[in-house]
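Chemist: Under the numbering used here, the first residue of the sequence shown carries the number 39, and numbering increases by one thereafter. Here it is: the structure, laid out below.
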Amino acid sequence: LHDLLSDREKEVLQLIDKGKMSKDIARILSISINTVNRHRQNILEKLQVSNSIEACRVAKELNLLHA
Numbered sequence: 039l040h041d042l043l044s045d046r047e048k049e050v051l052q053l054i055d056k057g058k059m060s061k062d063i064a065r066i067l068s069i070s071i072n073t074v075n076r077h078r079q080n081i082l083e084k085l086q087v088s089n090s091i092e093a094c095r096v097a098k099e100l101n102l103l104h105a
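See the structure below:
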């Protein structure tokens with residue numbers, strides 16, 4: 039279960055949880071905004087949720103994200 043998200047997806051989700059927007063995440067991680075958006079989509083699909091707020095909540099419940 040801990041391998042549900044890749045390390046990079048966890049990094050992206052951690053930044054989303056801190057309120058960062060995709061463009062900020064792209065800059066912080068030195069990746070393109072398209073890559074950030076792909077990670078966001080993968081996260082939603084893997085956690086079977088429809089938005090980032092839900093994704094952060096579920097990830098915390100699964101101990102994939104530090105509360």
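Glycine is no exception: its CB is placed at the ideal position from the N, C-alpha and C atoms.
#1: Terminal residues of the continuous alpha helix (DSSP H) containing D45?
#2: Of all the options E49, K98 and N89, which has the alpha carbon lying nearest to the alpha carbon of S68?
#3: Distance, Cα to Cα, N101 vs I66?
#4: Kindly indicate which residue of G57, Q79, M59 and K61 has the alpha-carbon position closest to the one of E47.
#5: Evaluate H77 with the Cβ neighbour count: other Cβ atoms within 10 Å of its Cβ, from every protein chain shown; 16 or more gives buried, anything less gives exposed.
Modeler: With the given structure in hand:
#1: D45 to D55
#2: E49
#3: 23 Å
#4: Q79
#5: buried
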